[in-house]
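The block underneath contains the structure these notes are about, expressed in structure tokens.
In the numbering used here, the protein residues as written are 7 to 69.
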């Protein structure tokens, strides 16, 4: 779960958000780090429907 408290609360079930993503072990780890270290960026990507695009970009960096 992702919680932010700055006068509001946004709750995103990360498992639900990520269950249909196609990830590698590296991008899965990077996605977890993103949710922990940059929760607002994670939320923005999720709400805009761009998590898979972000994961694909992370995977292309592993080459």
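A virtual CB, placed ideally from N, CA and C, is assigned to each residue, including glycine.
What whole-angstrom Cβ distance do residue i and residue j have, given they're in contact under 8 Å?
i, j, result
"residue 65", "residue 33", "5 Å"
"residue 47", "residue 37", "That pair is no contact at about 11 Å."
"residue 41", "residue 20", "6 Å"
"residue 61", "residue 16", "Their Cβ separation, rounded to whole angstroms, is 21 Å, which puts residue 61 and residue 16 out of contact at 8 Å."
What does the Cβ neighbour count give for residue i, buried or exposed, with the cut at 16 atoms within 10 Å?
i, result
"residue 57", "buried"
"residue 51", "buried"
Looking only at its own chain, which residues have a Cβ that is under 6 Å from the Cβ of residue i, when we skip the five neighbours before and after it?
i, result
"residue 67", "none"
"residue 59", "none"
Residues in the same chain with beta-carbon distance under 8 Å from residue i, minus the five sequence neighbours each way, listed in chain order, please.
i, result
"residue 29", "37, 61, 65"
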